[in-house]
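First to last, the protein sequences are chains A and B. Its first residue numbered 1, the first sequence is counted upward by one per residue in the numbering used here. Its first residue numbered 1, the second sequence is counted upward by one per residue in the numbering used here. To start, the structure itself, in structure tokens.
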Amino acid sequence: MSIDRREFLKTMGIAGASLSGVKALGASTPAHEASEFYAILHDITLCEGCQECEFACATANSLPAPADNDYPDSSIKRVLKPDQYSVINAVETSVGEVYTKQQCMHCAQPACASACLTQAMHKTAEGPVTWTEGKCMGCRYCMVSCPFDIPKFEFDNNNPKIGKCQMCFSRLQAGEVPACVENCPAGALTFGKRSDILREAHKRILDDPNGYVDHVYGEFEAGGTSWLNISPVAFDELGFKTNLETKPYPELTKGFLYSVPSVFILWPALLMGLREATKSDEQEGDNHE
Amino acid sequence: MSENVISEVLAPQQSRWKFIVSELKPKASLLTIFNLISVPTVLIAAVIIVIRFIYGLSAVSNVTQTVPWGLWKGFNVVTGVAFAGGAYVLTFMVYILGLEKYKPLIRVTVLNGFLAYTFYAFALILDLGKPWNIINPIIGNSFGTSSILFLVAWHFMLYIVAQLIEFSPTVAEWLGSERARRNLKRLTIGAVVFGITLSTLHQSGLGALFLMAKGKIHPLWYSEFIPTLFFISSIFAGLSMVIFQGSILQRVFSYQMDAHSDERHNIMIRGLSRVCAIAMFAYFFLKIIDMVHNHTFGYLMTPMGAWYLVEMIGFVFIPMLLFVYGVRVGTPTLIKVASLMTLIGIILNRMNVSVIAYRWDAIPRYIPTWMEMVVTVSILFVQIWIFRWVIHRMPVLRTMETMTARAKN
């Protein structure tokens with residue numbers, strides 16, 4: 001095998017193109033694109049922990065409603081389940097008992113969707129991250145990747161589903177707001193375009209700097225999410241994850257993914273070259289046996 | 001010779017078919033200690049697998065919502081692939097660098113790699129919630145191209161094919177088809193180059209799987225270097241497997257060995273030990289750089305830190321020294337001990353990254369059930385059965401000439 005000049009230049013050209021592609025693709029998404037997603041604001045100062053959102057969620061998604069003895073209590077931590085997409089927790093804090101709501105955060109660039117090898121987890125253009133049963137293999141890589149530990153898996157089912165909030169995607173398509181927002185009697189949930197919601201969140205903090213901590217949880221967490229929270233106390237006191245990256249999680253794998261085409265082109269060339277270079281004189285005469 | 005040709009021309013299909021049927025019969029006594037243990041274990045595993053597919057994963061496994069990957073993924077897939085890394089390292093040494101002295105190890109290592117990958121794919125299927133959808137990333141409109149797992153899955157599949165091609169001349173020899181052997185042999189170098197490229201990417205890709213679990217894996221094990229660390233460690237994991245397995249094969253299949261095979265083997269494992277020691281040094285060094293870079297020295301004083309030191313000092317640094325010392329004084333026993341310790345170190349490392357140090361703070365902790373362990377061990381047993389069947393019949397450890405010479409006697 002011999003590599004002539006033309007062949008060599010061609011290979012280098014391809015390698016160069018794949019390398020320069022890294023730069024172009026590696027640039028982060030413009031902020032205004034992400035902000036056109038829908039978003040929901042949970043104002044923790046207004047939430048009364050009445051669980052109406054949980055019941056509405058159960059009805060909208062045909063899930064079992066919370067049992068009578070299953071209500072927010074600061075002595076227990078209620079968790080998400082494959083058949084419970086949203087939970088309210090009571091938390092005892094320095095400003096008294098407050099209520100937090102946990103569900104899928106609908107990241108602008110979700111780790112789960114980039115982890116999914118079948119596109120069962122999918123970031124829709126409207127903002128919700130949806131799950132498609134017919135595509136899912138049940139590998140649970142989305143669960144491993146999700147920084148918020150949201151997707152839940154039916155381990156006790158022989159045809160298991162992944163359970164998580166889908167921001168009532170079918171309701172959005174029908175022009176309705178998510179069930180939890182519609183049914184919140186305290187007005188703690190606000191739905192709208194993300195840029196508007198973000199502005200509203202900052203406005204509430206500015207209008208009442210003593211009533212809120214100056215932090216919109218979800219503005220930068222995991223590169224920005226479609227669920228935003230504002231709170232009267234620091235978020236680590238509420239048990240929110242505060243050790244998260246501020247860049248999108250898929251960025252963590254981009255470097256590796258972009259090195260793949262380069263390795264795929266350079267390795268075989270390098271290996272064949274090495275093989276030719278290390279051949280002994282007698283082997284050269286051989287007929288490649 | 002002429003008789004052979006005539007019989008092949010007359011009824012080649014029929015005679016070959018008869019030959020295969022005759023080869024299917026057991027060649028040695030089935031009543032061995034290994035069989036007495038492995039057969040019941042595999043039968044129990046079969047029942048467990050049936051239960052798993054009727055009642056779901058939680059009926060047999062302890063995996064939780066916070067630790068969704070357990071023993072089957074952590075050991076059979078993530079660890080097993082590292083152990084099977086010997087095939088790409090050895091084919092690189094022999095076919096690319098032309099180090100002919102390691103050629104006797106190629107066939108057995110490639111066979112082992114091929115079987116390992118096939119059975120780990122099987123373990124993966126057991127673990128999947130909807131295994132019938134495994135076809136989705138292969139065909140159709142469901143390509144999740146941004147997923148590391150998509151990359152790993154494809155590489156896994158293609159590499160199984162590459163290894164099959166690398167091994168196919170041996171099968172052709174066994175079936176006595178010289179023409180097929182010659183044609184298949186022509187594909188070897190292509191399969192080798194392709195296989196090494198695929199291995200580089202999926203060995204490191206298995207590490208890259210955990211890049212997005214930042215904050216969920218203990219800082220001592222999480223690193224942006226995980227792909228590189230997984231790749232380097234697959235080199236000494238694979239070679240340690242070759243050394244360790246070789247020492248067992250020399251004994252179990254002693255009837256296939258000639259007078260000089262022990263001596264030849266010792267020379268080869270000394271060479272491989274050097275490669276191991278150098279790769280381990282690079283690995284150890286990169287780990288230290290990583291600790292400096294991520295300021296994780298403080299964690300060494302915690303219980304997880306002690307566990308980390310067990311892995312790094314006890315099962316990387318010490319076996320590395322043993323390899324060096326073993327080569328210097330020329331003691332095969334020391335080298336074999338070093339290879340075994342290295343293998344344990346790899347199990348610790350892969351299990352730590354994927355299971356133990358993953359959500360190390362979670363309560364309750366994931367501890368595999370006895371049923372998960374039985375299935376894990378059974379997958380290895382079935383793999384060994386097939387491996388043994390092939391070694392007894394095909395020219396893997398010995399050449400075709402010595403086999404026919406023995407048959408005539």
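Beta carbons: idealized from backbone N, C-alpha and C, even for Gly.
| field | Residues of the stretch 153 to 167 of chain A whose Cβ lies closer than 9 Å to any Cβ of chain B, in chain order | value | For the stretch 153 to 167 of chain A, which is checked against every Cβ of chain B, the residues closer than 9 Å are F153, E154, F155, D156, N157, N158, N159, P160, K161 and I162.
| said: Looking only at its chain, what residues have a beta carbon closer than 8 Å to the beta carbon of Q163(B), apart from the 5 residues adjacent to it on each side? | reply: The beta carbon of Q163(B) sits closer than 8 Å to those of A87, V110, G113, F114, Y117, A191 and G195, all from its chain and outside the five residues before and after it, given in chain order.
| Which residues, in chain order, does the stretch 256 to 286 of chain A contribute to contact with chain B at a C-beta distance below 8 Å? | From the stretch 256 to 286 of chain A, only F256, L257, V260, V263, F264, W267, P268, L271, M272, L274, R275, T278, K279, S280 and Q283 have a Cβ closer than 8 Å to chain B.
| query | Comparing the C-beta of L117(A) with each C-beta of chain B, is any distance below 8 Å? | reply | For L117(A), the answer is yes, since a Cβ of chain B falls inside 8 Å of its Cβ.
| Buried versus exposed call for A277(A) [16 or more other C-beta atoms within 10 Å across all chains shown] | Around the C-beta of A277(A), fewer than 16 other C-beta atoms lie within 10 Å, and the residue is accordingly described as exposed.
| For D43(A), the nearest candidate out of S280(A), C146(A) and Y212(A) (CA to CA) | It is Y212(A).
| Y249(A): buried (16+ other C-beta within 10 angstroms of its C-beta) or exposed? | Under a 10 Å Cβ-count criterion, Y249(A) is classified as buried, with 16 or more other Cβ atoms of the shown protein chains found around its own Cβ.
| Distance between L229(B) and S28(A) (C-alpha atoms, nearest Å) | Note that S28(A) scores a pLDDT of 46, beneath 50, so its modelled location is shaky and nothing firm can be said.
| Using a Cβ cut-off of 7 Å, which residues of the stretch 146 to 168 of chain B contact any Cβ in chain A, in chain order? | Within the stretch 146 to 168 of chain B, contact with chain A at the beta-carbon level (separation under 7 Å) is assigned to S146, S147, I148, L149, F150, L151 and A153.
| Could you check where the beta strand (DSSP E) with W69(B) kicks off and where it finishes? | Note, W69(B): premise wrong, no beta strand (DSSP E); not H, not E.
| said: If the cut-off is 7 Å on Cβ atoms, which residues from the stretch 80 to 99 of chain A count as contacting chain B, listed in chain order? | reply: Hits within the stretch: zero.
| message | Let me see if you follow: with CB-CB separation under 8 Å, is L238(A) close to chain B or not? | response | Not an interface residue.
| task | Taking only beta-carbon positions, decide if P227(B) is within less than 8 Å of chain A. | result | It does; some Cβ of chain A falls within 8 Å.
| Does the stretch 347 to 358 of chain B come close enough to the stretch 300 to 317 of chain B that 3 or more CB-CB pairs lie under 8 Å? | Between the stretch 300 to 317 of chain B and the stretch 347 to 358 of chain B there are three or more inter-stretch CB-CB distances shorter than 8 Å, so the stretches are counted as touching.
| task | Spell out the partners DSSP gives C107(A) in its beta bridges. | result | According to DSSP, which records beta bridges pairwise, C107(A) is partnered with T225(A).
| Name the chain B residues whose beta carbon is nearer than 8 Å to that of G138(A)? | The contacting residues are L128, G129, K130, P131 and N133.
| task | Using three-state DSSP, classify W385(B) as helix, strand or coil. | result | Note: W385(B) maps to helix in three-state DSSP.
| query | Whole-angstrom Cβ separation of A82(B) and S234(B), contact assumed at under 8 Å? | reply | Rounded to whole angstroms, the Cβ separation of A82(B) and S234(B) is 5 Å, and the two are in contact under 8 Å.
| field | Contact set between S233(B) and chain A, taken where Cβ atoms lie within less than 8 Å | value | Ordered by position in chain A, no residue passes the 8 Å Cβ test against S233(B), which lies about 16 Å from the chain.
| Contact residues within the stretch 79 to 102 of chain B, judged by C-beta distance below 8 Å to chain A | So the list reads F92, Y95, I96, L97 and G98, given in the order they occur along the chain.
| field | Option nearest E92(A) by Cα separation, candidates L238(A), T246(A), H215(A) and P261(A) | value | Put simply, of L238(A), T246(A), H215(A) and P261(A) the residue whose alpha carbon is nearest the alpha carbon of E92(A) is L238(A).
| field | Neighbour-count burial assignment, A60(A), 16 or more Cβ in a 10 Å radius | value | Using a 10 angstroms sphere on the CB of A60(A), the tally of other CB atoms reaches 16 or more, which defines it as buried.
| task | For the beta strand (DSSP E) containing D43(A), list its first residue and its last residue. | result | Run containing D43(A): Y38 to D43, per the beta strand (DSSP E) assignment.
| task | Given a cut-off of 8 Å, decide if P72(A) and K152(A) are closer than it, judged by their beta-carbon atoms. | result | For K152(A) and P72(A), no; Cβs fall outside 8 Å.
| request: Go through the stretch 51 to 109 of chain B residue by residue and report every complete run of the beta strand (DSSP E) that reaches 3 residues or more, in order. | output: For the stretch 51 to 109 of chain B, not a single whole beta strand (DSSP E) run of length 3 or above is found.
| task | Alpha carbon to alpha carbon, how far is E36(A) from G26(A)? Give it in angstroms, no decimals. | result | Model confidence at G26(A) stands at a pLDDT of 39, short of 50, so the residue's coordinates are unreliable; what they give is reported in the following sentence. C-alpha of G26(A) to C-alpha of E36(A): approximately 21 Å in a straight line.
| field | Contact with chain A by S142(B), beta-carbon distance below 8 Å | value | Judged by the 8 Å Cβ criterion, S142(B) is in contact with chain A.
| Of all Cβ atoms in chain B, is any one closer than 8 Å to the Cβ of M105(A)? | M105(A) does not count as touching chain B.
| request: Can you grab the Cα-Cα spacing for the pair M157(B) / P128(A), in whole Å? | output: Whole-angstrom Cα-Cα distance: 33 Å.
| field | Sequence-distant residues of its chain with Cβ nearer than 8 Å to V233(A) (five each side left out) | value | Result list for V233(A): T93, S94, V95, V98 and V213, in chain order.
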